[in-house]
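Novice: Numbering (my numbering), first residue to last: 1 to 895. All C-beta atoms in this analysis are idealised placements derived from N, C-alpha and C, irrespective of residue type, glycine included. Next up is a structure, given as structure tokens.
Given below as structure tokens:
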């Protein structure tokens, strides 16, 4: 195969990905090797690739590809999540465009539409991951609602119900009026909002009582006495059942035992007392609406108050309210404020900043709502899942997220697992009428089992009498089983796959789902396998733009990943992402990093073409080539050892930078220049073969990060057998010896000497082709490296002298001094002019520093360290000025 003159990512990437697929190189089956397993965080089935996905999956692919090259049996399981709320919303919108409402269809008809939508639009993201180079075992692709996963979910629900962890009850829940379903506490996002605080007049019913207006604490107008309640939600007054005061609140003592009239509603409610009320907030009077606030609900139960639900499921006002029926809650908030004011029942309105809960899924304000739901008791699960993380049985990277994890689990609440949706796993509870004529239920994996259970209580129950629960399970109830269920470990707990691949090795995810998913998978792992589901958790950061803003469609600052891949190639984009992706820290993404990645591809390509273009000859390697080969072998070993340590600590960005610098700085800029033959001359075969071996190792080190270009060049490096791939080759580089480390240190000094000579050339405008002489001042320890320095610095000779020549430019390497006589190689007039300009600049700088030091106010009041820094600037400038004046004098004499 002939190598193209320019690297074409599009041609290379499509070719090799198909090659990997055709030869089933991503496939994994249990065998005698050490397994390495990752399960993909399942993206929404209807989703498309975004920057967060690209980062997360690039990291996973790097880990999987590296594991393969370590000789492990690597298995990366892909899949998607059915995403109940998001997918159902898409299907509802699609039907609405045809003029069809969800309620116009039967459940079966709606589910048929949902499956049709899923089959048409689902899985796009998995196809896009192929463009990124993801080496998933596609034959193992799972879906949270496929037959295997669904069966496992139902089995777990029944098991937990039998164990007493799942229960059904009326509780205050977070209600999403747009999706019309309950949410768990973790699905509520609290946002800062600029709201209004409305002060409402609740008139006292007992107007005939002898009330004293002492110390102006009692409110009174021409219509009588009233209490004032401050609220941000005036639309909820129709659900008020009481007013509550703190019994220790002196300013509201006058209200004890009284009744007040709800504004506009004209319903009389009692004044109750409870120390729950904050005396300092607002007026100290709290309106109690048991159906629409979690704390009010607790007060209602305690004081036996009426519960009045004023909201329909869609957030409109219900008939129970008696006012504003059918109107949207947010519109009512505006209107009721107007109506209260016109009725003289609004004391005042103030601006108020508060936190408002929004649905994570639909981004609408949630509504606290009393509702009968299914719950999972979480204390048992928190108790088994907290110690493994705290004790580092499961390791977090970075460690700081252990505190977040502990906070969640130490403050865990029961999980509301039911959702009022049709798309999802239908709860396996079956209702029937018991012998007392009451509605009851049984929980079973299927209707046949349910019928048997129901007939034990009531033998007259028939199959047609059973009615299955209409609610579905929270999507997370399926994904918490993911590391087990992808290997069918729930239904078949002793199968070969689950016994071989579980527990998995690494989980790569975002910290925003540390409780949603990470904690719950750990809970399920210990409950159903008796061991952790993964050993390490790598938390990625949030991808932000270069201004630090979170990438989003609304801001228009998020590039399309596929467009980036089209422009820079997958390897370039992968590298661009990883250059800015330290674990756990936010990623400031700049498209220029992808360009840097593309440039690195070109560097690798051109270096390969350079090497392959050399002719070879059977001859003994010269001294420079011997040193170069020995040095780079040592440097390669050192870099690989560094990279291994970085991977152990999940410092993946640092590992990439180690290989990047090794190739660009050491291999291309130094090693290839050391061995490069003169134009038209051949290279000895020994050095050439060593160079190909180095290139082979470099490609293997780079492969996990840049899979496509490394496969292409690896195939061109040596003749390969059909089906061979770099991704199945083993990376084995020995650890460096002490002598090799010492060699690298010595060559670093050699490189500094060469760089010193090159700096003199630049400063004196001496052409690279001009051979120079290097003087070492009473220094002999570079003799053994002289051949390298002569070639790399283009010197005619190296001589040891006691004092440098009068026309020499000197430089230091550590404590040793070197000099380069420049003689007639420089334009003296140009050098004099340059030195005088530098002198003028320094004299101006010195004048400014001395003016500052001459300011007694500055010297007296500035920190000692600041003053010392200014004095150091002064002494350095004086020394440089002295040196420049001497240089100018010597140049003028020589001229």
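#1: What does residue 346 pair with, by DSSP beta-bridge criteria?
#2: Taking the Cβ atom as the reference point for each residue, do residue 229 and residue 299 lie within a distance shorter than 8 angstroms?
#3: Run the CB neighbour count on residue 11, radius 10 Å, all protein chains shown included, and call it buried at 16 or more, exposed below.
#4: Can you have a look at residue 897 and say buried or exposed, based on whether 16 or more other CB atoms are within 10 angstroms of its CB?
#5: Rounded to whole angstroms, what is the Cα-Cα separation between residue 718 and residue 2?
#6: Return the Cβ separation of residue 924 and residue 539 in integer angstroms, given the expectation that the two are a contact with Cβ distance under 8 angstroms.
#7: Decide yes or no for the touch test of the stretch 463 to 483 against the stretch 83 to 101: beta carbon pairs closer than 8 angstroms, at least 3 of them.
#8: On the DSSP letters alone, give me the boundaries of the alpha helix (DSSP H) that residue 577 sits inside.
#9: Could you check if residue 190 is buried or exposed, using at least 16 other CB atoms within 10 Å of its CB as the buried criterion?
#10: Report the three-state DSSP secondary structure of residue 230 (helix, strand or coil).
#11: Specify the secondary structure class of residue 52 as computed by DSSP and reduced to three states.
#12: Between the alpha carbons of residue 107 and residue 421, how many angstroms are there, rounded?
#13: Buried or exposed: where does residue 330 fall if 16 or more other Cβ atoms within 10 Å of its Cβ makes it buried?
#14: Assess contact between the stretch 360 to 377 and the stretch 303 to 313, defined as three or more Cβ pairs (one per stretch) separated by less than 8 angstroms. Is contact present?
#15: Do the CB positions of residue 874 and residue 853 come within less than 8 angstroms of each other?
#16: Go through its chain and collect everything with a Cβ distance to residue 306's Cβ below 6 angstroms, but skip five positions before and after it.
#17: What do you get for residue 860, buried or exposed, if any count of 16 or more other CB atoms within 10 angstroms of its CB means buried?
#18: Suppose contacts are defined by Cβ-Cβ distances below 8 angstroms. Is residue 800 in contact with residue 779 by that definition?
#19: Output the distance between the C-alpha atoms of residue 109 and residue 100, rounded to the nearest integer angstrom.
#20: By the DSSP assignment, the beta strand (DSSP E) with residue 769 in it spans what residues?
#21: Quick one: any contact between the stretch 127 to 138 and the stretch 21 to 29, if contact means 3 or more CB pairs under 8 angstroms?
#22: Please say whether residue 406 and residue 176 have beta carbons closer to each other than 8 angstroms?
#23: Let me confirm a value: residue 281 is counted as buried when at least 16 other C-beta atoms fall within 10 Å, else exposed. Which label applies?
#24: Could you give the distance in angstroms between the alpha-carbon of residue 393 and the alpha-carbon of residue 530?
#25: Please name the residue, chosen from 203, 624, 171 and 469, that lies closest to residue 301 on a Cα-to-Cα basis.
#26: When you compare the CB positions of residue 913 and residue 511, do they come within less than 8 angstroms of one another, or not?
#27: Under a Cβ-count criterion, where at least 16 other Cβ atoms within 10 Å of its own Cβ denotes burial, should residue 292 be classed as buried or exposed?
#28: I'd like the span of the beta strand (DSSP E) that includes residue 368, first residue to last.
#29: Is the stretch 609 to 624 in contact with the stretch 670 to 682, if contact means three or more CB pairs nearer than 8 angstroms?
#30: Pick out whichever of 45, 351 and 454 has its Cα sitting closest to the Cα of residue 438.
#31: Could you spell out where the beta strand (DSSP E) holding residue 440 opens and where it closes?
#32: Would residue 749 and residue 813 qualify as a contact pair, given that the criterion is a beta-carbon distance under 8 angstroms?
#33: Quick one: is residue 732 buried, meaning 16 or more other Cβ sit within 10 Å of its Cβ, or exposed?
#34: Would DSSP call residue 836 helix, strand or coil?
#35: Pick helix, strand or coil for residue 749, following the three-state DSSP scheme.
#36: Assign residue 168 to one of three DSSP states: helix, strand, or coil.
Specialist: Here's the rundown:
#1: Indexing the chain shown from 1 puts residue 346 at position 346. Answer by DSSP bridge pairing, in chain order: 200.
#2: Taking the first residue of the chain shown as 1, we reach residue 229 at position 229. Taking the first residue of the chain shown as 1, we reach residue 299 at position 299. It is not a contact, given that the beta carbons lie outside the stated cut-off.
#3: Counting from one through the chain shown, the residue named residue 11 turns up at place 11. By the 10 Å Cβ count, residue 11 comes out exposed.
#4: For the chain, the structure presents residues 1 to 895; residue 897 sits outside this window and is missing.
#5: Numbered from 1 along the chain shown, position 718 holds the residue referred to as residue 718. Numbered from 1 along the chain shown, position 2 holds the residue referred to as residue 2. So the two alpha carbons sit approximately 13 angstroms from each other.
#6: With the chain running from 1 to 895 in the structure shown, residue 924 is simply not present.
#7: yes
#8: Within the chain shown, the letter at position 577 stands for residue 577. 570 to 578 is the span of the alpha helix (DSSP H), which, as asked, contains residue 577.
#9: For the purposes of this step, residue 190 is taken as the residue at position 190 of the chain shown. Counting the other CB atoms within 10 Å of its CB gives residue 190 a total below 16, which places it among the exposed residues.
#10: As a working mapping, residue 230 is identified with position 230 in the chain shown. Strand, per DSSP.
#11: Position 52 of the chain shown holds residue 52. Secondary structure of residue 52 (DSSP, three-state): helix.
#12: On the chain shown, position 107 is the one that residue 107 refers to. On the chain shown, position 421 is the one that residue 421 refers to. Going from the Cα of residue 107 to the Cα of residue 421 covers about 10 angstroms.
#13: Residue mapping note: residue 330 aligns to position 330 of the chain shown, counting from 1. Its Cβ having fewer than 16 others within 10 Å, residue 330 is exposed.
#14: yes
#15: Taking the chain shown and counting its residues from 1, one reaches residue 874 at position 874. Taking the chain shown and counting its residues from 1, one reaches residue 853 at position 853. It is a contact, given that the beta carbons lie within the stated cut-off.
#16: Here residue 306 corresponds to residue number 306 of the chain shown, with the count starting at 1. Cβ within range, chain order: 241.
#17: Position 860 of the chain shown, counted from the first residue, corresponds to residue 860. Exposed is the call here.
#18: For the purposes of this step, residue 800 is taken as the residue at position 800 of the chain shown. For the purposes of this step, residue 779 is taken as the residue at position 779 of the chain shown. Going by C-beta atoms, residue 800 is nearer than 8 angstroms to residue 779.
#19: What you label residue 109 is simply residue 109 of the chain shown in a count that begins at 1. What you label residue 100 is simply residue 100 of the chain shown in a count that begins at 1. Cα to Cα, the separation comes out at about 12 angstroms.
#20: In the chain shown, residue 769 corresponds to position 769, counting from 1. No beta strand (DSSP E) holds residue 769; DSSP gives it neither H nor E.
#21: These segments touch.
#22: Along the chain shown, read from residue 1 onward, the residue named residue 176 stands at position 176. Along the chain shown, read from residue 1 onward, the residue named residue 406 stands at position 406. Result no, Cβ atoms of residue 176 and residue 406 do not sit closer than 8 angstroms.
#23: By 1-based counting over the chain shown, the position of residue 281 is 281. Residue 281 should be labelled exposed.
#24: One-based indexing of the chain shown puts residue 393 at position 393. One-based indexing of the chain shown puts residue 530 at position 530. Roughly 13 angstroms between the two C-alpha positions.
#25: In the chain shown, counting from the first residue as 1, residue 301 sits at position 301. For the residues 203, 624, 171 and 469, the minimum Cα distance to residue 301 belongs to 171.
#26: Since the displayed the chain opens at 1 and closes at 895, residue 913 lies outside it and no answer follows.
#27: Within the chain shown, the letter at position 292 stands for residue 292. Residue 292 comes out buried.
#28: For the purposes of this step, residue 368 is identified with residue 368 of the chain shown, where counting begins at 1. First-last of the beta strand (DSSP E) with residue 368: 367 to 376.
#29: yes
#30: Here residue 438 refers to the residue found at position 438 of the chain shown. Of the candidates 45, 351 and 454, the one whose C-alpha sits nearest the C-alpha of residue 438 is 454.
#31: Sequence index remark: in the chain shown, residue 440 carries index 440 (1-based). Unbroken beta strand (DSSP E) run through residue 440: 439 to 443.
#32: Walking along the chain shown from the start, residue 749 turns up at place 749. Walking along the chain shown from the start, residue 813 turns up at place 813. It is a contact, given that the beta carbons lie within the stated cut-off.
#33: For the purposes of this step, residue 732 is taken as residue 732 along the chain shown, with counting starting at 1. Around the beta carbon of residue 732, fewer than 16 other beta carbons sit within 10 angstroms, so the residue counts as exposed.
#34: Start at 1 with the first residue of the chain shown, and residue 836 comes out as number 836. Here residue 836 sits in helix by DSSP.
#35: One-based indexing of the chain shown puts residue 749 at position 749. Helix.
#36: On the chain shown, residue 168 is found 168 positions in, with the first residue counted as 1. Residue state, collapsed to three classes: strand.
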